[in-house]
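Peer 1:
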Amino acid sequence: MGYEKLDKRMLELKDEIFASVKESVAILSVKSEPKEGAPYGEEIQKALVHTLELGKKLGFKTGNVDNRVGWIEYGEGEEMVGVLGHLDVVPLGEGWEHNPLGCEVVDGKMYGRGVVDDKGPTIAAIYAMKAIKDLGLPIERRIRVLFGTDEENGSSCVKHYIANGGEKPTVGFTPDAEYPVIFCEKGQMFWEIEKEVTEKPRVNVISIKGGTAKNVVTPSCTMIVEGDFDFPQKDGFIVTKENGNTIIVSKGKGAHGSLPHLGVNAAIQLFTVLKDMDLGGDLQKMIDFVMDKINLETKGESLGICYEDEETGNTSLTLGVVDYTPEKIFFTLDIRYPKNADAGLMEERVKKAAAEYTLGARIEQTGKLVYVPKDSELVQKLMKVYKEETGRDDEPIAIGGGTYAKAFDNMVAFGPIFPGEPDVIHQPNEYGEVDSLMKSFQIVAAAMYELAKK
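In the working numbering, each residue's number is its place in the sequence shown (first place is 1) plus 288.
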């Protein structure tokens, strides 16, 4: 069937949907100090209560798992379609030209923190259930909209839901990424490489510090050396003398850890010059490891972890944070791998390579590989809806980044950002084009119905 009736009903609910989104965005649901009954802070708790009250007002069954995950459900049946969103947001940050809590509409764009990520799509999914119910559309699976409250800080909310017996969806999606369907998210390993310094270099290096986060290519790296250090003049470096020290700033270009080839790593740029200066000591071991095993590679060839898969891409390798002091060496690696990779073998090879330079290596965090085949019921039905609703002929995509879909099995990311639209989540002036958001909300409604039909 076409989805004309459902599209029309969603359009009739447009004012109600955006009014509820506006109420939610007005709540600054940034993680804060836990209070009794509010494990992620009082404002996040307010956003959770607001959404649960909306579900009750619309006549749906609701549930609340220890004030960490709420849910709203419609229908009958053993199996359940899950739509997973989140109500927490990142801090506002500076540089807003419109009220970040106001949902102002200017030139067809609605501005506000959470309009796109992820309050807008989450609340719209609740109204999509109302549209399906209002039309009396026949469904064989229950539909449950789940909303977590700690997605921006590690998704402990959904982990708690699962650990405490929360029902897992049979199939589902998260409207918290982009269109069309993201059928694969690479596996992730975040490494910490470190060593206590026992052998000093031949010059007194006070510090080498660079990087903003483990999942970002090092955009800038600063080395401070006591005394007059002879560092060659080169493009990409600023060398100054201050308080009896030599300060070398290596300027690179940041990029997301899943796309290291788009950046210029400032730490590697610095180590390229230092490599042949033979500084000695444990510092030299760190420099040698980085230059021998990483260098300008972004796929992990020299570490023996490069996998290439026609369907899901190749390994990516990113040096992120670097922190050397006279007491300790520390740096991070972000490794992402396709579905044909052997994660156990990768772990062995990274540890072995680090040990060759007397460095210790440990995995600090992992992200599971998400892979739902293109010919699966889930991907096929979502792509059918997407193509019918948009008239576009895009193909499912594999990404190196991670989404909320990692929370459950047989779940993928689906919307709300369309191909070619700017990605403004987490930015000042986060906004959604009202017409584009509305089309996305209609797609979500049609997808929920299609999956619930069996």
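Even glycine gets a Cβ: it sits at the ideal position worked out from N, Cα and C.
1. Relative to the alpha-carbon of N717, which residue among K302, M726, K397, V369 has its alpha-carbon at the smallest distance?
2. Please report the straight-line C-alpha distance between P322 and W479, rounded to a whole angstrom.
3. Is the beta carbon of K708 sitting closer than 8 angstroms to the one on S728?
4. Round the Cβ separation of L621 and L605 to the nearest angstrom and send it over; I've been treating them as touching at under 8 angstroms.
5. What separation, rounded to the nearest whole angstrom, lies between the Cα atoms of L316 and I414?
6. Check whether the Cβ atoms of T603 and R637 sit closer than 8 angstroms, and answer yes or no.
7. Taking the alpha-carbon positions, what's the I685 to T586 distance?
8. Give, in chain order, every unbroken run of the alpha helix (DSSP H) that is at least 4 residues long and sits entirely within the segment 427-510.
9. Does the Cβ-Cβ distance between G460 and F696 come in under 8 angstroms?
10. Terminal residues of the continuous beta strand (DSSP E) containing D622?
11. Looking only at its own chain, which residues have a Cβ that is under 7 angstroms from the Cβ of G365, when we skip the five neighbours before and after it?
12. Going along the chain, which residues of its own chain have a beta-carbon closer than 7 angstroms to the beta-carbon of H743, five neighbours each way excluded?
13. Thinking just about the alpha-carbon of each residue, which of N503, G475, R401, V527 is nearest to the one in I512?
14. Output needed for L423: all residues of its chain with C-beta closer than 8 angstroms, excluding positions within five of it in sequence on either side, in chain order.
15. Cβ atoms of A416 and V610: under 8 angstroms apart, would you say?
16. Determine the direct distance from the alpha carbon of A693 to that of P626, and round the result to whole angstroms.
17. Could you tell me the alpha carbon to alpha carbon distance between V394 and V404, rounded to whole angstroms?
18. Given this structure, state the Cα-to-Cα distance separating T646 from I556, to the nearest angstrom.
19. Applying the criterion that 16 or more other CB atoms from any shown protein chain within 10 Å of the CB defines a buried residue, is N553 buried or exposed?
20. Taking one C-beta from the segment 353-364 and one from the segment 431-439 each time, how about it: are there three or more such pairs within less than 8 angstroms?
21. Spatial neighbours of D711 within its chain, please: CB distance less than 7 angstroms, with the 5 preceding and 5 following residues excluded, ordered by chain position.
22. For S312, count neighbouring Cβ atoms within 10 angstroms of its own Cβ and tell me buried if that reaches 16, exposed if not.
23. Applying the 10 Å Cβ sphere with the 16-neighbour rule, what's the burial state of P489?
24. Could you tell me the distance, in whole angstroms, from the CA atom of T678 to the CA atom of S724?
25. Name the two residues that bound the continuous alpha helix (DSSP H) containing K640.
26. Given this structure, state the Cα-to-Cα distance separating M634 from I481, to the nearest angstrom.
27. Taking 8 angstroms as the threshold (C-beta atoms), are I470 and T691 in contact?
28. Just confirm the distance between the C-beta atoms of L558 and S538, as a whole number of angstroms; I'd bet it's less than 8 angstroms.
29. D682 by DSSP, collapsed to three states: which one?
30. Within 10 angstroms of the Cβ of A335, are there 16 or more other Cβ atoms? Answer buried if so, exposed if not.
31. For A307, count neighbouring Cβ atoms within 10 angstroms of its own Cβ and tell me buried if that reaches 16, exposed if not.
32. Which same chain residues, not among the five before or five after A649, have their C-beta less than 7 angstroms away from its C-beta?
33. Quick check: what's the CA-CA separation for Q476 versus I651?
34. Just confirm the distance between the C-beta atoms of V369 and T458, as a whole number of angstroms; I'd bet it's less than 8 angstroms.
35. State yes or no: is the C-beta of Y737 within less than 8 angstroms of the C-beta of I305?
36. Near E367, which residues of its chain fall below 6 angstroms by C-beta distance, leaving aside the five closest residues on each side in sequence?
Peer 2: With the structure as the only source:
1. Counting from 1 along the sequence shown, the entry for residue 717 is found at position 429. The shortest C-alpha separation from N717 is found at K397.
2. Position 34 of the sequence shown holds residue 322. Position 191 of the sequence shown holds residue 479. Taking the straight line from one Cα to the other gives about 29 angstroms.
3. Here residue 708 is taken as the residue at index 420 of the sequence shown, counted from 1. Here residue 728 is taken as the residue at index 440 of the sequence shown, counted from 1. For the record, residue 708 in the displayed sequence is Gly; it is not Lys. Result no, Cβ atoms of G708 and S728 do not sit closer than 8 angstroms.
4. Here residue 621 corresponds to residue number 333 of the sequence shown, with the count starting at 1. Here residue 605 corresponds to residue number 317 of the sequence shown, with the count starting at 1. Between L621 and L605, the beta carbon gap of about 7 angstroms places them in contact (Cβ cut-off 8 angstroms).
5. For the purposes of this step, residue 316 is identified with residue 28 of the sequence shown, where counting begins at 1. For the purposes of this step, residue 414 is identified with residue 126 of the sequence shown, where counting begins at 1. If I take the Cα positions, the gap works out to 21 angstroms.
6. What you label residue 603 is simply residue 315 of the sequence shown in a count that begins at 1. What you label residue 637 is simply residue 349 of the sequence shown in a count that begins at 1. Between T603 and R637, the C-beta gap is not smaller than 8 angstroms, which leaves the two residues out of contact.
7. As a position in the sequence shown, residue 685 is number 397, starting the count at 1. As a position in the sequence shown, residue 586 is number 298, starting the count at 1. Spanning the two alpha carbons is a distance of roughly 21 angstroms.
8. Here the runs fully enclosed are 444-451.
9. To locate residue 460, count along the sequence shown from 1; it is residue 172. To locate residue 696, count along the sequence shown from 1; it is residue 408. Yes, these two residues count as a Cβ contact at 8 angstroms.
10. Taking the sequence shown and counting its residues from 1, one reaches residue 622 at position 334. Segment 616-625, the beta strand (DSSP E) holding D622.
11. The count along the sequence shown starts at 1 and reaches residue 365 at position 77. Only E428, R429, R430 meet the Cβ criterion.
12. With the chain covering only 289 through 742, there is no way to say anything about residue 743.
13. By 1-based counting over the sequence shown, the position of residue 512 is 224. Comparing Cα positions, the closest option is V527.
14. For the purposes of this step, residue 423 is taken as residue 135 along the sequence shown, with counting starting at 1. Within the same chain, L423 has close Cβ partners K293, L294, R297.
15. Residue mapping note: residue 610 aligns to position 322 of the sequence shown, counting from 1. Residue mapping note: residue 416 aligns to position 128 of the sequence shown, counting from 1. Annotated as distal: V610 and A416, with beta-carbon spacing of 8 angstroms or more.
16. Your numbering for residue 626 matches position 338 in the sequence shown. Your numbering for residue 693 matches position 405 in the sequence shown. Straight-line Cα distance between these residues: approximately 16 angstroms.
17. On the sequence shown, residue 394 is found 106 positions in, with the first residue counted as 1. On the sequence shown, residue 404 is found 116 positions in, with the first residue counted as 1. Taken atom to atom, the span from the alpha-carbon of V394 to that of V404 is near 16 angstroms.
18. Here the question's residue 646 lines up with position 358 in the sequence shown. Here the question's residue 556 lines up with position 268 in the sequence shown. When only Cα atoms are considered, T646 and I556 end up about 20 angstroms apart.
19. Translated into positions along the sequence shown, residue 553 becomes position 265. Burial call: buried.
20. Using a C-beta cut-off of 8 angstroms, the segment 353-364 makes contact with the segment 431-439, since at least three inter-stretch Cβ pairs fall below that distance.
21. Here residue 711 is taken as the residue at index 423 of the sequence shown, counted from 1. Excluding five sequence positions before and after D711, the CB atoms of its chain that fall closer than 7 angstroms to its own CB belong to I705, given in chain order.
22. Working through the sequence shown from its first residue, we reach residue 312 at position 24. Around the beta carbon of S312, 16 or more other beta carbons sit within 10 angstroms, so the residue counts as buried.
23. Position 201 of the sequence shown, counted from the first residue, corresponds to residue 489. Answer is buried; the Cβ neighbour count reaches 16.
24. Position 390 of the sequence shown, counted from the first residue, corresponds to residue 678. Position 436 of the sequence shown, counted from the first residue, corresponds to residue 724. So the two alpha carbons sit approximately 11 angstroms from each other.
25. Reading the sequence shown from its first residue, position 352 is the one you call residue 640. In the DSSP assignment, K640 falls within the unbroken alpha helix (DSSP H) covering 631-643.
26. Here residue 634 refers to the residue found at position 346 when the sequence shown is read from its first residue. Here residue 481 refers to the residue found at position 193 when the sequence shown is read from its first residue. Going by the C-alpha atoms only, they are around 15 angstroms apart.
27. Counting from one through the sequence shown, the residue named residue 691 turns up at place 403. Counting from one through the sequence shown, the residue named residue 470 turns up at place 182. Between T691 and I470, the C-beta spacing is below 8 angstroms.
28. On the sequence shown, residue 558 is found 270 positions in, with the first residue counted as 1. On the sequence shown, residue 538 is found 250 positions in, with the first residue counted as 1. Indeed they touch by this definition, with Cβ atoms about 4 angstroms apart.
29. Working through the sequence shown from its first residue, we reach residue 682 at position 394. In the structure shown, D682 sits in coil (DSSP, three-state: anything other than H, G, I, E or B).
30. Counting from 1 along the sequence shown, the entry for residue 335 is found at position 47. Under this definition A335 is a buried residue.
31. One-based indexing of the sequence shown puts residue 307 at position 19. Classification of A307: exposed, given that the 10 Å Cβ count is below 16.
32. In the sequence shown, counting from the first residue as 1, residue 649 sits at position 361. So the list reads W479, I481, V638, K639, A642, once near-sequence residues are dropped.
33. One-based indexing of the sequence shown puts residue 476 at position 188. One-based indexing of the sequence shown puts residue 651 at position 363. Each residue's alpha carbon lies about 10 angstroms from the other.
34. Indexing the sequence shown from 1 puts residue 369 at position 81. Indexing the sequence shown from 1 puts residue 458 at position 170. Separation of the CB atoms of V369 and T458 is rounded to 7 angstroms, and the pair is thereby assigned contact status at 8 angstroms.
35. Here residue 737 corresponds to residue number 449 of the sequence shown, with the count starting at 1. Here residue 305 corresponds to residue number 17 of the sequence shown, with the count starting at 1. Going by C-beta atoms, Y737 is not nearer than 8 angstroms to I305.
36. Position 79 of the sequence shown, counted from the first residue, corresponds to residue 367. The answer, listed in chain order, is R429, T458.
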